[in-house]
Amino acid sequence: ALPGHLLRGLLPLLTIFRLERAEGAARRAGLSTQPIWRQLWDDVMKTRPPNSENITCWRKKFLETFFSNVLHGVLDVSSDWRLNDHHFSPLLHSSPHVSQLTLCNMLQGAVELAAEHNHKVLENLAGSLRILKFQHLLSSDQCIRRSLVLLLHRLIHHGSVSQVSMYSWPVPDTVLLVLILSMSAGFWRSGNALTYQCGLCREEEKASRQELVQERAERRRDAEREGTDGENQKGFPKAPEEAGAHLNSVPRSSPLQNQPCEEASSEGPYDHTSIQGGSSPHCGSGQLSCHPVLRKTRRRLKPAVGRKRRCIRRSRGPYADTEDLYDFVFTVAREDNSGLRDKTSTTEGENTENWTVSSPGFPCTGHAGCKKRGGPTGIFSLKAAHRFRSVSTLELFSIPLTGETCRTLSNLLSSWVSLENLVLSYNGLDANICCILSGLRALSRHPDCRLRVLRVSDIFSHMPCMELVRCILSTFPQLHTLSVSFDLKNQLEGNRPEGNPSCSEVEIPESCLEQLEIRFPREPLHTMVLLPVLKASKSLQQLSLDSATLPCSQELGLLLEALRECTPNLKKLSFHDVNLAEHQKEVLLLLQDPVLQEITFSFCRLFESSTAEFLSEIINTVKRNSSLKSLKLPGNRLGNHRLVALADIFSEDSSSSLCQLDVSSNCIKPDGLLEFTKKLEGHIQQRGGQIQFTHLRLFQNWLDQDAETAQEALRRLKAVCSVVNDSWDSSQAFADYISVM
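Using mature numbering (1 follows the signal peptide of the UniProt record, and there is no 0), the letters of the sequence shown correspond one by one to residues -22 to -1, 1 to 719.
Okay, structure coming up:
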């Protein structure tokens, strides 16, 4: 143990391997290694990390980024002497610090992590990784998918990954996409050769077999004891071995609980019974129990020629007692075009199958384009679909989803009870949104459903926004957060779901909604349409309305009246890109509200046709409101003189409790900011330093026009409150500047 002053001088001279080992000693000596890790970041990464002000541990940030860069081959460990230590294995020693990992392009990172020599690295990630991201993926071959399956099985099914996010995949590989979705949902087809490469599955299988042997032994002893008293009694079976002979060679890949039967063809891993027509190969607990208990069966078991009876038990866990979760049938759709097969040469063993998933219990028939059509002739059901641990957050950003993929996702969602957050952003859903709602409707009926956050955004809206909101809430009243956002209206007429009543006529049950965000594609906001949603959402605390148009001058007043009557717990209200220039009276009424704590008027053209009296009324109203904590006014062309006037909110006679003020994108120049600062300092001095103002946001203002004055203003402001700004090129806003001169 070195003295503190010696250790302080030694730490900067250590390699990262030695620095890691010295963390404990430094902590005991009361020394922080954060400055050293920050310096390492600057020297090695040579970039400024996003949101650097929010980084609390530079050690974790450095090692996590270091792991990713080494994995993807963008960092050479020999480039810096502190990284080049023969005791140091870059991936192995940094992996325990990785909580978020991004895999991209050809999934080279997945192939590397699934390699045998990185077994310990993968074990570390299984305990530390929480968020797994996929970005800019390309098509992959069978070898890459095999590595990905092993990786996902370890990190999700037997690991700690709770969130899977996929970004920017303009032309998704359907096989790869469905593979990631199904494994994220906890599904994996059993009988796959890859199953037996997982040590954890082998251990569970071994334990299950031992349990089965013990159960059989106990039944045998019970039968022998009963046989001594009435061996020839009518109806008693001859021996348990004969009654359960077909169970003697049962492979078991997970702990036993309830046991569905399934027939497996001896010709291959698939049952050649089509899912189109005919009965499902599954037998539920109410039909035939595969548990080897002596009981009278409904029908006599006659093994088919060339087949053997297999019984596969379900794994224990949160899904073990849920019958409908095992109704899934995994199918592999092969092209039924013999001419294409003849012209296309594939290597032996190459997998050219497309995975689809269907649920007999919850067929998707939301609209004409979503109805299950008669499938191709080459559809086979997989041997079984085991359910493992699944993630709680799924995010899909800018990934087009076809009708077939939407049906797959819908059926996965219908039993994804662990899912808490679902984000579908710019997926080109259009009419297929009804297919997704079908899966959510099935999920909502499940008593263990945990979904609380749903965010849907896209370019085109298949139906009016409020209609979709009503439809979602009537389907899923358990939601706590709902966000619906569209850029443009769908111009196609008559493109509505067939066979369903209009969503505007659906009654909304009392919901648990706490946060509602709606981005209208320039649709009129009718309070009477929003009113049923507000009446059903008594717990609503946050409401955001974006890009809506007000059809008449009375509409905003009607909305405020509805909010007062229906949402007594509303704390945050936001308007973005809604023209409020002619609604000054309603704006002042909102600022007087004794319940609201945060109000946002973002790009609402507040001062477009206003007078100086309107600004004075705003200031006086805010001064008298002691409940308002945050006022956000970005993009309203305040200019210098209005910003200076806002400083009077904090005058000596004010009872305001305002803590946060956002004046971003308001044509503010350095001299105006300096004058605001001086006036604010005067008010603080008059109040004896007692002021609650803590945060000022100044993004995208014209502070670069006089750097020296801006720096002085910012320096003095930072002594009063926390200031968040950026280095923005105001020349980009020259046209806006001319318009307000």
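Beta carbons are placed, not taken as given, at the ideal position from N, Cα and C, and that holds for glycine.
- Proximity of the stretch 159 to 166 to the stretch 197 to 207 falls short of the contact definition, fewer than three beta-carbon pairs being nearer than 8 Å.
- Under the 8 Å Cβ criterion, the stretch 442 to 461 does not count as touching the stretch 365 to 385, having fewer than three qualifying pairs.
- For secondary structure counted as the beta strand (DSSP E) over 3 or more consecutive residues, the stretch 107 to 148 holds these complete runs in sequence order: 109 to 115, 141 to 145.
- In the structure shown, Glu373 falls within a strand segment according to DSSP collapsed to helix, strand and coil.
- Per DSSP, Val48 has no beta-bridge partner at all.
- Taking 9 Å as the cut-off, the Cβ atoms of Cys699 and Phe654 do not count as close.
- Nearest to Pro68 by C-alpha distance, out of Val139, Leu548, Thr(-8), is Thr(-8).
- The stretch 455 to 470 makes contact with the stretch 418 to 433, as at least three CB pairs between them are under 8 Å.
- Contact annotation, Ala88 with Leu81: C-beta distance approximately 5 Å; criterion of less than 8 Å satisfied.
- Here the stretch 60 to 76 does not lie against the stretch 6 to 13, with fewer than 3 beta-carbon pairs under 8 Å apart.
- Counted as a single uninterrupted DSSP element, the alpha helix (DSSP H) harbouring His619 occupies residues 617 to 624.
- Counting along the chain, the unbroken alpha helix (DSSP H) around Ile(-7) starts and ends at -7 to -2.
- Assigned with DSSP and collapsed to three states, His554 falls in strand.
- A check of alpha carbon separations from Leu110 across Ser162, Glu196, Phe581, Glu595 identifies Ser162 as the nearest.
- The closest CA to that of Pro487, considering only Leu503, Glu501, Gln78, Val447, is found on Val447.
- Taken atom to atom, the span from the alpha-carbon of Glu196 to that of Ala185 is near 17 Å.
- Arg365 is bridged by DSSP to Phe165.
- For Leu79, the uninterrupted beta strand (DSSP E) run begins and ends at 78 to 83, by DSSP.
- When Cβ pairs closer than 8 Å are counted between the two stretches, the stretch 534 to 549 is seen to touch the stretch 495 to 509, the count reaching three or more.
- In the structure shown, Ser403 falls within a strand segment according to DSSP collapsed to helix, strand and coil.
- Assignment of Thr589 by DSSP, reduced to helix, strand and coil, places it in the coil class.
- Counting only the Cα atoms, Leu528 lies some 8 Å from Asn557.
- Rounded to the nearest angstrom, the gap between the Cα atoms of Gln456 and Ser422 is 8 Å.
- By DSSP's assignment, Lys467 forms a beta bridge with Ser439.
- The beta carbon of Asn47 sits closer than 6 Å to the beta carbons of Leu53 from its chain, once the five residues preceding and following it are set aside; these are given in chain order.
- The secondary-structure analysis by DSSP pairs Phe498 with nothing; it has no beta-bridge partner.
- Residue nearest to Arg180 within the set Ile596, Arg124, His136 is His136 (criterion: CA-CA distance).
- Here DSSP, grouped into helix, strand and coil, assigns Ser422 to helix.
- Residue state for Gln520 is assigned as strand, using DSSP reduced to three classes.
- When secondary structure is reduced to three states using DSSP, Ser700 falls in the strand class.
- When the five nearest sequence neighbours on each side are left out, the beta carbons in the same chain lying within less than 8 Å of the beta carbon of Gly51 are those of Gln86, in order along the chain.
- In the DSSP secondary-structure assignment, Lys610 is bridged to Thr578, Asp640.
- Straight-line spacing of the CA atoms in Leu651 and Gln12 works out to 34 Å.
- Taken through DSSP and simplified to helix, strand or coil, His64 comes out as coil.
- Rounded to the nearest whole angstrom, the C-alpha separation of Lys563 and Ser587 is 13 Å.
- A check of alpha carbon separations from Ser525 across Cys582, Leu518, Val484, Pro612 identifies Cys582 as the nearest.
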